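Quick notes on the structure that follows.
Chains as they are written, first to last, in my numbering: chain A, 11 to 124; chain B, 696 to 808.
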């Protein structure tokens, strides 16, 4: 595909359950970012992967949040023991070099925790 | 804390008019700025960017102005069209080792036919 893809597009879960969100970046992009967007708000940085370097996890809101990037491509964001305040749109972006150049965003995963 | 903010949360314009969306930033060390457009149900889409060594950059129907003296960024859209209706975000990169973007809260642009 030509762009960043994310799955699922929508996820409804019950409080306390774990969820996994997937991101497929643009082929060849070495940098991958996760953001969270609450309703009517801007984007909140969560985590950043660049090549084989240690990820920048400074934006993760709690230890219930974790992310992996396997083989330098696909990334999974995991939220354990979900809470209602985790409800948001989770956006993934990738960029070619990891510099602050253009980040291309996926359509997002809309997470609703009941 | 330091942040990027927008002056106007909602902007309503008539089709064909020019639109100006403003953004204030507080970190003088920021060296790169981007404007994104986000339509309902979609991810943000890159519009235009500018580096801190420039004060103006033009694209197709869009112009970004950077005033480092007052830490102000604006996006001008010429001959606004209904398809321009969206939320517009400014974002800054503060340089250094991190490449994460700090986003403002967004401005909703509503184009009236």
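Using N, Cα and C, we set each Cβ at its ideal position, and we do this for glycine too. Computed from a predicted structure; not experimentally measured.
Residues of the stretch 70 to 91 of chain A with a C-beta atom less than 7 angstroms from some C-beta of chain B do not occur.
Look at residue 771(B) here: in three-state DSSP terms it is strand. Of the candidates 766(B), 770(B), 750(B), 747(B), the residue whose Cα lies closest to the Cα of residue 758(B) is 770(B).
Proximity of residue 739(B) to chain A, defined by a Cβ-Cβ separation below 8 angstroms, is satisfied.
Leaving aside the five residues that flank residue 777(B) on each side, the residues in its chain whose CB is nearer than 8 angstroms to its CB run, in chain order, 710, 806, 808.
Contacts between residue 758(B) and chain A, judged by CB atoms closer than 8 angstroms, are missing: the closest CB pair is about 18 angstroms apart. Contact between the stretch 20 to 29 of chain A and the stretch 79 to 96 of chain A is present: 3 or more CB-CB pairs across the two stretches fall below 8 angstroms. Using a Cβ distance threshold of 8 angstroms, residue 738(B) and residue 116(A) count as a contacting pair. Residue 113(A) and residue 761(B) have their C-alpha atoms some 20 angstroms from each other. Comparing alpha-carbon positions, the option among 767(B), 732(B), 788(B) lying closest to residue 779(B) turns out to be 732(B). At a cut-off of 8 angstroms between C-beta atoms, residue 764(B) does not count as an interface residue with respect to chain A. In the three-state reduction of the DSSP assignment, residue 24(A) falls in the coil class, being assigned neither a helical nor a strand state. In summary, residue 73(A) is exposed, with fewer than 16 beta-carbon neighbours lying within 10 Å of its beta-carbon over all protein chains present. Annotated three-state conformation of residue 95(A) is helix, per DSSP. DSSP, read as helix, strand or coil, puts residue 744(B) in strand. In its chain, beyond the 5 residues on either side, 730, 754, 757, 759 have a beta carbon closer than 6 angstroms to the beta carbon of residue 743(B). Between the alpha carbons of residue 76(A) and residue 787(B) lies a distance of about 25 angstroms.
Taking the CA atoms as reference points, residue 84(A) sits about 27 angstroms from residue 727(B).
For the C-beta of residue 117(A), the chain B residues within less than 8 angstroms are, from N- to C-terminus, 736, 737, 738.
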